[in-house]
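Student: Let me begin by handing over the structure; questions about it come next.
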Amino acid sequence: MTLDSMDKQLLNIIQSNLPIDPEPYRKLAEILGTTEEDILGRLKRLIEKGVIRRLGAIFDSRKVGYCGTLCAMKVPEDRIEEVVAVVNSFPGVTHNYLRDHPYNIWFTLLVESQVELENILQEIKKRTGISDMLNLPASRIFKILVNFDLGEDDDA
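Each residue of the sequence shown is one higher than the one before, counting from 2 in our numbering.
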């Protein structure tokens, strides 16, 4: 998909500076010198094309009382789809990746308590029959944010 200059400017802004305003799309239109309808149309198209996966706030989960972890599982090649379906069935799973590594399924889990986290990990082991799982909670956060500078030029 080709992004024009306005798409790139819009994407640059909404990554971390979506206006806190009762009418954020109108405010974006003012900033970018266009109409609210144009902004909404562009966002709809970018979502439909898969450029934008999610549009919403990101909270510091620890500061609002949640607990999370990174997990790695050693899953036989012929069971990957089945195991991934089980893991993804839990609403607290936020990311899930296949890796070229003996521990080939890596996922993050975010829930309201340590007890709930441990219960879900046990349930995943039970439902999948896979006991070889690493629970790798962060001991220190170094960086959690990423922004992609898309430039503004049509050729960027």
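Beta carbons: idealized from backbone N, C-alpha and C, even for Gly.
When the distance is taken between beta carbons, is Thr-95 closer than 9 Å to Asn-136?
Tutor: Sequence index remark: in the sequence shown, residue 136 carries index 135 (1-based). Sequence index remark: in the sequence shown, residue 95 carries index 94 (1-based). The answer is no: Cβ separation not under 9 Å.
Student: Between the Cα of Tyr-98 and those of Ser-17, Lys-75, Gln-115, Leu-118, spot the shortest distance and give me the residue it belongs to.
Tutor: By 1-based counting over the sequence shown, the position of residue 98 is 97. Of the listed residues, the one whose Cα sits closest to Tyr-98 is Lys-75.
Student: Using three-state DSSP, classify Thr-129 as helix, strand or coil.
Tutor: Counting from one through the sequence shown, the residue named residue 129 turns up at place 128. Helix.
Student: Is Trp-107 near the ligand GDP, going by C-beta to nearest heavy atom under 8 Å?
Tutor: Inclusion of the ligand GDP in the displayed structure is not the case, the ligand content being empty and no account of it being possible.
Student: Tell whether a beta-carbon distance below 9 Å holds between Arg-158 and Ile-131.
Tutor: Since the first residue shown for the chain is 2 and the last is 157, residue 158 is missing from the structure and cannot be characterised.
Student: Taking 9 Å as the threshold (C-beta atoms), are Asn-13 and Leu-110 in contact?
Tutor: The residue labelled residue 110 in the question sits at position 109 within the sequence shown. The residue labelled residue 13 in the question sits at position 12 within the sequence shown. The answer is no: Cβ separation not under 9 Å.
Student: Pro-92: which of Leu-33, Tyr-104, His-102, Phe-108 sits nearest, CA to CA?
Tutor: Counting from one through the sequence shown, the residue named residue 92 turns up at place 91. The residue with the shortest Cα to Cα distance from Pro-92 is Phe-108.
Student: Let me check one thing: in DSSP terms, what residues is Thr-95 bridge-paired to?
Tutor: Here residue 95 is taken as the residue at index 94 of the sequence shown, counted from 1. Note: Thr-95 sits in no beta bridge, so no partner.
Student: Thinking just about the alpha-carbon of each residue, which of Leu-4, Glu-124, Pro-138 is nearest to the one in Ile-48?
Tutor: For the purposes of this step, residue 48 is taken as residue 47 along the sequence shown, with counting starting at 1. Considering only alpha carbons, the answer is Leu-4.
Student: I need the straight-line Cα distance from Gln-115 to Glu-37, nearest angstrom please.
Tutor: By 1-based counting over the sequence shown, the position of residue 115 is 114. By 1-based counting over the sequence shown, the position of residue 37 is 36. So the alpha carbons of these two residues sit roughly 43 Å apart.
Student: Compute the Euclidean distance between the alpha carbons of Asp-155 and Glu-24, then round it to the nearest angstrom.
Tutor: Along the sequence shown, read from residue 1 onward, the residue named residue 155 stands at position 154. Along the sequence shown, read from residue 1 onward, the residue named residue 24 stands at position 23. In this predicted model, Asp-155 has a pLDDT of only 47, less than 50, meaning its place in the structure is not dependable; the value taken from the coordinates is given anyway. When rounded, the distance between both Cα atoms is 28 Å.
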